[in-house]
Amino acid sequence: MASYDLILRGGTVVLPWGEAATDVAVRAGRIVTLGDLRTDEAAEVIDCAGLHVLPGLIDPHVHLRDPGDPAVETLATGTKGAVLGGLTAVFDMPNTQPSITSAERLDWKRGHIRETAWCDVGMYVGGARSNVGELGALEREPNVCAIKVFAGSSTGDLMIEDDETLERVMRGGGRRIAYHSEDEYRLQARKPMFEAGGPHRLHAEWRDVECAFLGTRRLMALARKTNRPAHILHVSTAEELDYLRDFRDVATVEVLLNHLTQWAPDAYDALGGYAVMNPPIRDKRHYEAAWAAVANGTVDTVGSDHAPHSRAAKERPWPATAAGLTGVQTIVPMMLDHVSAGRLSLARLADLMAAGPARVYGAIGKGRIAAGYDADFTVVDMGKSRVIEPEWLVSPCGWSPFAGTRCQGWPVMTVLRGRAVMREDEVLGEPGGLPVRFEGTRA
Ligand code: DOR
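Take the sequence shown: its position 432, counted from the start at 1, is 432 in the UniProt record's numbering, and no numbers get skipped.
#1: Would residue 204 pass as an interface residue toward chain C - the criterion being a Cβ-Cβ separation below 9 angstroms?
#2: Taking the C-alpha atoms as reference points, what is the distance between residue 316 and residue 200?
#3: Does DSSP put residue 374 in a helix, in a strand, or in coil?
#4: Mind the definition here: the segment 217-224 touches the segment 162-182 only if three or more C-beta pairs lie below 8 angstroms; say whether that holds.
#5: Could you name the residues of the same chain whose beta carbon sits closer than 6 angstroms to that of residue 262, not counting the 5 residues immediately before and after it, in chain order?
#6: Can you find the residues in the same chain that come closer than 8 angstroms, C-beta to C-beta, to residue 119, ignoring five residues on each side of it along the sequence?
#7: Taking only runs that begin and end inside the segment 331-403, name each unbroken beta strand (DSSP E) of 3 or more residues, in chain order.
#8: Whose C-beta lies closer than 8 angstroms to the C-beta of residue 28 among residues of the same chain, with five residues either side of it excluded?
#9: Run through the DSSP bridge pairs and tell me what residue 8 is partnered with.
#10: Quick one: residues in its chain with C-beta nearer than 7 angstroms to the C-beta of residue 410, no 5 flanking neighbours on either side, listed in chain order?
#11: Say the cut is 8 angstroms; is the CB of residue 155 nearer than that to a heavy atom of the ligand DOR?
#12: Let me confirm a value: residue 329 is counted as buried when at least 16 other C-beta atoms fall within 10 Å, else exposed. Which label applies?
#13: Using only CA atoms, which one of 185, 152 and 166 lies nearest to residue 223?
#14: Use the C-beta contact count for residue 10: other C-beta atoms within 10 angstroms, 16 or more gives buried, fewer gives exposed.
#15: Does DSSP put residue 1 in a helix, a strand or coil?
#16: When the Cβ atoms of the segment 45-58 are set against those of the segment 397-405, are three or more pairs found closer than 8 angstroms?
#17: Look up residue 113 in the DSSP assignment and say whether it is helix, strand or coil.
#18: Since residue 374 and residue 365 are thought to touch, with beta carbons under 8 angstroms apart, how far apart are those beta carbons, to the nearest angstrom?
#19: With respect to the alpha helix (DSSP H) encompassing residue 136, which residues constitute its N-terminal and C-terminal limits?
#20: Pop quiz: residue 15 and residue 25 are said to be a contact at Cβ under 8 angstroms. What is the actual Cβ separation, rounded to whole angstroms?
#21: Please look up how many angstroms separate the CB atoms of residue 62 and residue 101, rounded, as I've assumed it's under 8 angstroms.
#22: Just tell me which of 331, 355 and 431 has its CA closest to the CA of residue 368.
#23: Name, in chain order, the residues that DSSP records as bridge partners for residue 188.
#24: Taking residue 255 as the reference, give the member of 275, 247, 284 and 293 with the closest Cα.
#25: Pull up the DSSP beta-bridge partners for residue 124, would you.
#26: Output yes or no for whether 9 angstroms exceeds the beta carbon distance between residue 339 and residue 325.
#27: On the three-state DSSP scale, how would you describe residue 254?
#28: For the segment 242-312, which segments carrying the beta strand (DSSP E) assignment without a break, of at least 3 residues, lie completely within its bounds, in sequence order?
Below, the structure written as structure tokens:
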């Protein structure tokens with residue numbers, strides 16, 4: 001009879017090789033073994049009967065705004081929302097104020113994660129004109145999930161839009177680069193057409209399909225030319241999803257929860273400025289293409305692109321409306337509701353939000369329930385139906401495009417490296433998040 005720190009007993013466990021009725025044993029923060037452990041002992045036994053045990057789900061695309069404006073979000077509040085919503089790790093974007101573009105700022109952020117984060121955190125390092133020559137070294141800094149390049153403008157001052165500099169970035173290192181792909185020249189050329197303002201749905205006309213598709217065609221040409229792997233973030237058009245299938249030698253693909261849930265014009269009619277994001281929510285043809293791409297395997301990861309802004313900034317008349325939607329706390333319940341509606345399986349959800357991010361970014365010890373891996377679990381009750389109440393949300397910005405939505409399926413427990421950090425709406429203990437480790441980085 002073996003003795004463990006923790007046994008998750010009696011759940012339906014989503015393993016990489018399929019669902020199984022099995023117990024899971026944990027020691028020193030890692031998974032030790034799987035199987036029938038009814039006669040084994042542990043300091044803590046969690047009864048998972050009637051529940052599904054998923055690998056710790058990861059949101060690989062969040063903007064926690066730290067440093068920035070604490071009235072909007074911080075690492076502490078964003079990661080608290082993450083564990084309340086069932087996530088065990090987030091990968092945090094660099095377009096903060098100031099942005100994360102140097103080893104010194106990565107060092108600061110690493111310390112800040114250790115002090116304040118509730119879940120584990122991977123850090124993007126920002127690609128900027130000023131640090132192009134250093135990116136090859138910066139991508140190997142500890143805990144860096146990837147370089148992030150904004151090839152089209154969005155929130156913040158990071159941008160590299162021209163082919164010559166993009167090629168220099170690609171030739172300067174080896175790890176997969178994450179791209180915001182919208183063609184900046186087309187965005188700027190079309191801007192004057194919309195200066196007079198108008199309804200929020202014009203956002204999708206300004207930043208049209210060709211803005212995104214052209215951006216992706218240019219990036220794919222350069223990625224092939226330099227043989228440098230790319231992760232195209234928030235792919236939002238049917239055209240790109242179709243195109244990227246022929247670039248699997250260099251490209252992986254992210255789709256956002258928002259593009260799998262909302263469409264134009266309905267989202268703009270219902271939410272106004274609270275539907276404005278980059279790349280935009282588009283018409284239903286693209287929503288359907290996104291689900292087809294989930295079904296046929298084109299999509300590698302799903303993220304929220306949690307991008308909080310103050311209410312005042314969201315309520316400015318378009319085109320001055322700040323772009324970005326919140327989602328770190330709501331992505332798991334919303335995706336579980338999609339599972340309940342039959343749009344994907346729990347196994348595919350685990351692939352998109354655990355194995356996928358771990359594979360694409362090379363996260364060490366994450367992404368699967370298997371012996372030796374971190375004991376990160378998202379325990380969900382598919383029988384639970386619950387409304388996303390505004391009072392439940394912890395982000396100081398105070399709004400969600402999904403407030404009021406009823407979800408069938410809900411995360412009831414979050415286990416981080418063997419310790420329950422959320423149970424039935426309660427955050428437990430002290431912040432214990434650590435920086436995530438990645439292959440290809442210095443230890
Ligand atoms: O809508 C967006 N908001 N898209 C981005 O690319 C950036 C983000 C933000 O940081 O606000």
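Glycine residues also receive a C-beta, built at the ideal position from the N, C-alpha and C atoms. Treat the numbers as computed from the prediction; the structure is a model and nothing was measured.
Quick answer:
#1: Annotation note: the requested chain C is absent from the structure, which comprises a single protein chain.
#2: A straight-line Cα-Cα distance of about 11 angstroms links residue 316 and residue 200.
#3: In the three-state reduction of the DSSP assignment, residue 374 falls in the strand class.
#4: Taking a cut-off of 8 angstroms for Cβ pairs, the segment 217-224 and the segment 162-182 touch, as three or more such pairs fall below it.
#5: So the qualifying residues of the chain are 281.
#6: 79, 82, 83, 87, 88, 89, 90, 414, 416, 421 and 433.
#7: Segments of the beta strand (DSSP E) lying fully in the segment 331-403: 377-387.
#8: Listed in chain order, the non-local C-beta contacts of residue 28 below 8 angstroms within the same chain comprise 5 and 418, local neighbours out to five positions each way being set aside.
#9: In DSSP, residue 8 forms a bridge with 24 and 46.
#10: Here the set comprises 333, 336, 380, 381, 384 and 386.
#11: Yes, Cβ of residue 155 sits closer than 8 angstroms to a heavy atom of the ligand DOR.
#12: Counting C-beta atoms within 10 angstroms of its own C-beta, residue 329 has 16 or more neighbours from the protein chains shown and is therefore classed as buried.
#13: In terms of CA proximity to residue 223, 166 leads the group 185, 152 and 166.
#14: By the neighbour-count rule (16 or more Cβ atoms within 10 Å), residue 10 is buried.
#15: Three-state DSSP puts residue 1 in coil, outside helix and strand.
#16: Too few Cβ pairs lie closer than 8 angstroms, so no.
#17: The answer is helix: DSSP assigns residue 113 an H, G or I state.
#18: Rounded, the Cβ-Cβ distance is 4 angstroms, consistent with contact.
#19: For residue 136, the enclosing alpha helix (DSSP H) stretches over residues 135-138.
#20: Residue 25 and residue 15 do not touch by the CB rule: their CB atoms are close to 14 angstroms apart, not below 8 angstroms.
#21: Going by Cβ atoms, the distance from residue 62 to residue 101 rounds to 18 angstroms, so no, they are not a contact pair.
#22: Of the candidates 331, 355 and 431, 355 places its Cα closest to the Cα of residue 368.
#23: DSSP lists no beta-bridge partner residue for residue 188.
#24: Out of 275, 247, 284 and 293, 293 has the C-alpha closest to the C-alpha of residue 255.
#25: For residue 124, which the question treats as bridged, DSSP gives the partners 146.
#26: No; because the gap between Cβ atoms is not below 9 angstroms, this pair is not in contact.
#27: Strand.
#28: Taking 3 residues as the shortest admissible run, the segment 242-312 contains the following complete beta strand (DSSP E) segments, listed from N- to C-terminal end: 251-256 and 301-303.
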